[in-house]
Structures are given as structure tokens and as C-alpha cells.
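Please read the structure below before turning to the comments.
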Amino acid sequence: MSEKARVILSGFGDEAANHKTAVEQFAAFAALGLQFYSLRFVDVGSGVKNVMKLTKGEITKLRHLEDEYGMNVASIGSPIGKVKLCDVEDGTKNVFMPFDKYLQKEVARACELAHAFETKLIRGFSFYHPKGSDPWQHVSQAADQLAQIAEMCHRSDLTFGLEIEANLVDQTGELMAELHRRVNHPALVTIFDGGNIVCQGYSAEETFNQYLAMKPSIGWMHIKDYHDPNQAARGGHVDEDMLKHFVPANLGDSGHERILRDFAEVLPQLHEKLVKRGIPGVVLDLEPHL
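Position one of the sequence shown corresponds to residue 6 (this note's numbering), numbered consecutively onward.
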């Protein structure tokens with residue numbers, strides 16, 4: 006590996022803190038020797054809030070606490086893209102918002118927050134297709150909307166990371182690769198997460214093949230795994246409330262050692278690509294609650 010390739014160990018701070026307070030999060034990370042965290046949920050004194058709901062005063066207070074504990078934001082763990090793609094009733098609790106409004110309100114807000122916390126990365130998703138429908142039928146619309154999100158991020162000198170997850174259009178590596186191919190924008194990368202694949206019933210071999218499909222588009226990774234001895238066969242909608250078997254990477258079924266050994270070979274090229282976009286290194290986001 007080139008000496009210039011930098012790996013940044015980060016993690017979701019809210020998962021390291023029982024009450025999600027900023028002090029709890031930063032104390033836990035500082036104790037582990039980590040200097041970066043991904044910001045999602047936090048209590049800055051007025052109760053637990055999603056990052057998207059933080060006030061100017063809370064942002065200022067959080068920035069001061071970051072300085073005190075030597076912490077930096079690796080990415081904004083936004084919920085962008087976790088809304089319905091189509092305005093249809095499908096029996097889920099997912100909400101719909103007209104995309105033009107969503108872009109100008111929610112995506113613009115995520116960009117503002119990235120600048121406020123001095124990070125170049127925003128985590129997001131590819132929208133919920135109607136429950137029970139084939140995600141491949143919705144790739145075109147999802148890609149069109151993701152292209153507009155990527156362009157807004159690009160104009161703000163930011164990069165949007167698309168996370169693989171069940172029940173969304175981007176639920177498999179092949180779907181992720183196709184979305185990335187269609188969007189074809191420098192501000193869009195993908196985020197590999199082995200646990201989010203295995204929890205859908207895929208084997209280690211299938212997970213590795215999905216990683217290979219995503220590999221040219223990967224910008225960073227989430228490091229967690231999944232092991233359920235009673236895992237049902239894959240297919241169909243996943244009850245997210247029933248996903249209780251996430252585990253550390255070395256205890257799950259994704260085959261992380263094989264994946265990470267392969268990923269190490271592309272780190273120099275990926276690092277060079279990210280640096281050109283102002284990103285200081287390749288982020289590996291840990292899941293501290295595991």
C-alpha cells in the first residue's frame with residue numbers, strides 16, 4: 006500500500022453513548038483514541054435530535070465541544086433518501102415529499118450542516134420503492150433524483166455517499182452499481198456495509214460478489230456485520246424492527262477479512278481520487294455499540 010493512502014477510523018458517535026449526549030459520545034471516542042466521528046443523533050442539552058434538526062446555537066455548542074475533545078466530523082449521517090420514491094400507500098410508515106421540495110429543503114439543509122461541521126461527506130440513501138414491488142423497476146426514477154442530489158452536493162463542494170440497505174432501491178450491490186453507472190457524477194460514491202447485505206439473507210460468497218459489483222464506486226465503508234442462526238432465506242421486504250443480530254465484523258457472516266484484504270489493494274487509487282475532492286482519506290465508519 007502506498008504511504009500516501011490514509012485510512013480514517015471513524016464511527017457513529019450516538020452508538021457509543023447510552024443517552025446520546027455529546028459529552029458521552031466524545032468521551033467514548035477520545036478514550037478509544039479516535040479523532041473522527043459521523044454525526045447522526047446527539048443531545049446537546051435540549052434532548053436527542055437528528056443532526057438535521059440542530060439549531061444554530063446547538064451547532065455552535067457542539068463545535069466547541071469538538072474542540073475540547075479533539076473531535077472532527079467525518080460525515081453527516083443524514084437520513085436523505087429515506088423517504089418514499091412514489092406517493093402510494095404501501096402499508097409502511099415511510100413518508101412521501103414531492104422531490105423538488107425535498108431537494109430544496111432537506112438536501113440543501115444537509116449541505117449547510119456539512120459546511121457548518123467542516124466535512125466533505127454526506128451519507129444518504131436511494132429512496133423507498135413501494136413495498137412488494139421490484140426495485141429494478143424504480144432504478145430510473147431513483148437515479149434521476151440521485152443525480153440532482155449529487156449535483157447540489159457538487160455545487161457545494163461536497164460528496165454524497167449512497168449507503169446500501171434493505172427495502173431501498175439500493176438494497177443490493179448490483180443495484181448500487183447500476184445506480185452509480187446511471188448517475189455518473191463525480192459527487193456520488195457508494196458506501197459498502199456488509200451487515201446490511203447479510204441481514205437480507207445473503208451468504209458470505211454472495212456478499213463478496215456484491216462488494217465486487219460496488220467496488221469501482223465505493224467511497225467509504227461502514228464496518229459492521231450480522232449473524233442470525235435462524236436467518237430466513239432472502240427475498241422480499243425486511244422487517245427492520247426485527248433486525249437484532251448485528252455483531253462486530255469478525256463475528257458475523259459477511260466475510261470481512263476477504264473483503265478488506267481485497268479493498269486494501271485499491272486504497273492508494275481511492276485515496277488519490279478522494280483527495281482531489283478535498284476529502285482527507287478513506288473513511289471506515291465503525292459501529293461502536295457492537
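Glycine residues also receive a C-beta, built at the ideal position from the N, C-alpha and C atoms.
Item to check | Rounded C-alpha distance that separates K220 from D258 | outcome: Rounded to the nearest whole angstrom, the C-alpha separation of K220 and D258 is 19 Å.
Checklist entry - Taking the DSSP output, what are the residues bridged to G16? => result Its beta-bridge partners are L291.
Item to check | Every unbroken alpha helix (DSSP H) within the segment 205-259, with a cutoff of 4 residues, ordered by chain | outcome: The segment 205-259 is shown to contain whole alpha helix (DSSP H) runs of 4 or more residues at 209-219, in chain order.
Checklist entry - Are there three or more Cβ pairs, one per stretch, closer than 8 Å when the segment 70-88 is compared with the segment 99-107? => result Three or more Cβ pairs drawn from the segment 70-88 and the segment 99-107 lie within less than 8 Å of each other, which places the two stretches in contact.
Checklist entry - Could you give the C-beta distance for A119 and I127, rounded to a whole number, given that I count them as a contact under 8 Å? => result Between I127 and A119 the Cβ distance is about 5 Å, and since that is below 8 Å, they are a contact.
Checklist entry - Where are the alpha helix (DSSP H) runs, 4 residues long or more, that stay fully inside the segment 30-114, in chain order? => result Secondary structure in the segment 30-114: the alpha helix (DSSP H) runs of 4 residues or longer, each lying completely within the stretch, are 61-74, 104-107 in chain order.
Checklist entry - Using the rule of at least 16 other Cβ atoms within 10 Å of the residue's Cβ for burial, across every protein chain shown, is M6 buried or exposed? => result In this prediction, M6 scores a pLDDT of 43, lower than 50, which makes its location untrustworthy; the coordinate-derived value is nonetheless stated afterwards. With fewer than 16 other Cβ atoms within 10 Å, it is exposed.
Item to check | Residues bridged to E168 (per DSSP) | outcome: In the DSSP secondary-structure assignment, E168 is bridged to I196.
Next on the checklist: Among K9, V12, A22, whose alpha-carbon lies nearest the alpha-carbon of E292?
Outcome noted: When each option's Cα is compared against that of E292, the closest is A22.
Checklist entry - By DSSP, does R282 sit in helix, in strand, or in coil? => result If DSSP states are grouped into helix, strand and coil, R282 belongs with coil.
Checklist entry - Distance, Cα to Cα, E168 vs E73? => result Using only the alpha carbons, I get a separation of about 31 Å.
Item to check | Sequence-distant residues of its chain with Cβ nearer than 6 Å to E29 (five each side left out) | outcome: Listed in chain order, the non-local C-beta contacts of E29 below 6 Å within the same chain comprise A22, local neighbours out to five positions each way being set aside.
Next on the checklist: Taking a contact to mean a Cβ-Cβ separation below 8 Å, would you say S131 touches L70 in this structure?
Outcome noted: Contact: no.
Next on the checklist: In the DSSP assignment, the beta strand (DSSP E) including G137 goes from what residue to what residue?
Outcome noted: Following the DSSP letters along the chain, one finds G137 in no beta strand (DSSP E), marked with neither H nor E.
Checklist entry - What is the DSSP secondary structure of R128, counted as helix, strand or coil? => result The three-state reading of DSSP puts R128 in strand, counting E and B together.
Checklist entry - So what does DSSP say about L163, is it helix, strand or coil? => result In this structure, L163 counts as coil in the three-state DSSP scheme.
Next on the checklist: I'd like to check one pair, V188 with A218: are the Cβ atoms closer than 8 Å?
Outcome noted: The criterion of a C-beta distance shorter than 8 Å is not satisfied by A218 and V188.
Checklist entry - Smallest Cα separation from R282: which of R266, P191, Q205? => result Nearest of R266, P191, Q205 to R282, Cα basis: P191.
Item to check | Neighbourhood of C91 by C-beta distance below 6 Å, restricted to the same chain and skipping five residues each side | outcome: Only residues of its own chain outside the window of five on either side were considered, and among them P135 have a CB closer than 6 Å to the CB of C91, listed in chain order.
Item to check | Selected residue, minimal CA-CA separation from G18, among F31, F251, H276 | outcome: Answer by Cα proximity: F31.
Next on the checklist: Do D290 and S43 have their beta-carbon atoms positioned less than 8 Å apart in this structure?
Outcome noted: Taking 8 Å as the Cβ cut-off, S43 and D290 qualify as a contacting pair.
Checklist entry - What residues match up with T177 in a beta bridge as DSSP calls it? => result Bridge partners of T177: none, in fact.
Checklist entry - Looking at C-alpha atoms only, which residue of H185, I223, W141, H227 is the closest neighbour of N2? => result An answer regarding residue 2 cannot be provided, because it is not within the stretch 6 to 295 covered by the chain.
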